[in-house]
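Working notes for the structure below.
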Amino acid sequence: SRRLELSVIKMKLFLFYLVPFVLFFWCSQVRLVQGRLLSIATKPDPKDAVATARWLVSLNFWGVLSTISTDLDGAPFGNVVSFSDGLPNQGIGIPYFYLTTLDPTARHALKDGRASLTVSEYPLGTCGKIDPENPTCSKITLTGKLKLVDEESEEAEFSRNALFSKHSEMMDWPEDHKFQFFKLEIEKIFLIDWFGGPKPITVEQYLHPKMNNHAFIV
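Heads up: the sequence shown begins at 2 in our numbering, then just goes up one per residue.
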């Protein structure tokens with residue numbers, strides 16, 4: 002009937018205008034970065050240093066891990082590594098790594114555990130056109146001891162799930178390379194997310210934050 006045809010036309014027009022709006026809203030909430038879907042809608046206020054710190058660690062999946070080099074007479078050695086602080090949307094703030102002693106970083110850690118992990122907001126795509134060194138493009142360095150995770154412990158299962166859920170390729174890495182799980186036991190935190198120098202954050206504040214509604218999709 003004529004009335005039915007008009008109803009169908011109205012519905013098509015409604016969907017015609019609704020779908021682009023929904024897509025625009027969705028795209029404003031998430032961003033695809035190197036194959037991973039990242040939530041950008043919940044970027045914390047720069048005044049909330051603890052939330053910013055946890056946000057950076059939870060959303061990033063790689064960083065520069067620096068150790069004390071036994072091959073360079075104790076000079077610092079930075080290495081790009083993958084990491085995870087937990088299952089998607091369930092990060093605990095502690096970075097876990099899957100390393101092999103065929104690589105210098107793991108060898109260094111087994112002799113001298115002092116290490117630091119640095120990550121930046123820039124890879125997330127939320128810094129816009131500003132330079133990565135600009136203070137408003139957040140960056141964090143976690144300093145502490147890089148320790149081997151006991152492979153018979155529950156923590157080993159946690160680290161496996163945390164890493165493999167975000168880095169599925171790791172499951173196929175060669176067994177004869179003898180990869181092992183490591184974690185960074187955090188002792189100091191250096192965060193810059195705005196002008197005015199680094200924000201004072203204690204390890205206790207970082208590990209037990211009041212996250213409000215900051216949820217992350219990784």
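All C-beta atoms, glycine included, are put in the ideal place defined by N, C-alpha and C.
- The Cβ-Cβ distance between threonine 68 and phenylalanine 78 falls below 7 Å.
- For lysine 112, there is no enclosing beta strand (DSSP E); the enclosing alpha helix (DSSP H) covers residues 105–112.
- DSSP, read as helix, strand or coil, puts serine 160 in helix.
- The three-state secondary structure of threonine 144, taken from DSSP, is strand.
- With respect to the 7 Å criterion, leucine 149 and alanine 54 are not classified as neighbours on the basis of their beta carbons.
- Setting aside the 5 residues that flank it on each side, glycine 92 is surrounded in the same chain by Ser59 and Asp86, each with a C-beta closer than 6 Å to its C-beta; the list follows chain order.
- Separation of the CB atoms of isoleucine 202 and alanine 50 is rounded to 6 Å, and the pair is thereby assigned contact status at 8 Å.
- Counting of Cβ neighbours within 10 angstroms places serine 117 among the buried residues, the total reaching 16 or more.
- The Cβ neighbour count for phenylalanine 84, taken over all protein chains shown within 10 Å, is at least 16; the residue is labelled buried.
- Under DSSP, serine 85 forms a beta bridge with Tyr97.
- Burial state of proline 96 is buried, judged by a 10 Å Cβ sphere holding 16 or more other Cβ atoms.
- Alanine 54 sits in a helix when the DSSP states are folded into three classes.
- Nearest C-alpha to glycine 126 among Ser160, Glu153, Arg115 and Cys138: Cys138.
- For glutamate 186, the uninterrupted beta strand (DSSP E) run begins and ends at 181–193, by DSSP.
- Cα atoms of glycine 145 and valine 204: separation of roughly 11 Å, rounded to the nearest angstrom.
- Taking all protein chains shown into account, glycine 94 has 16 or more neighbouring C-beta atoms within 10 Å of its C-beta and is therefore buried.
- Around the C-beta of tryptophan 56, 16 or more other C-beta atoms lie within 10 Å, and the residue is accordingly described as buried.
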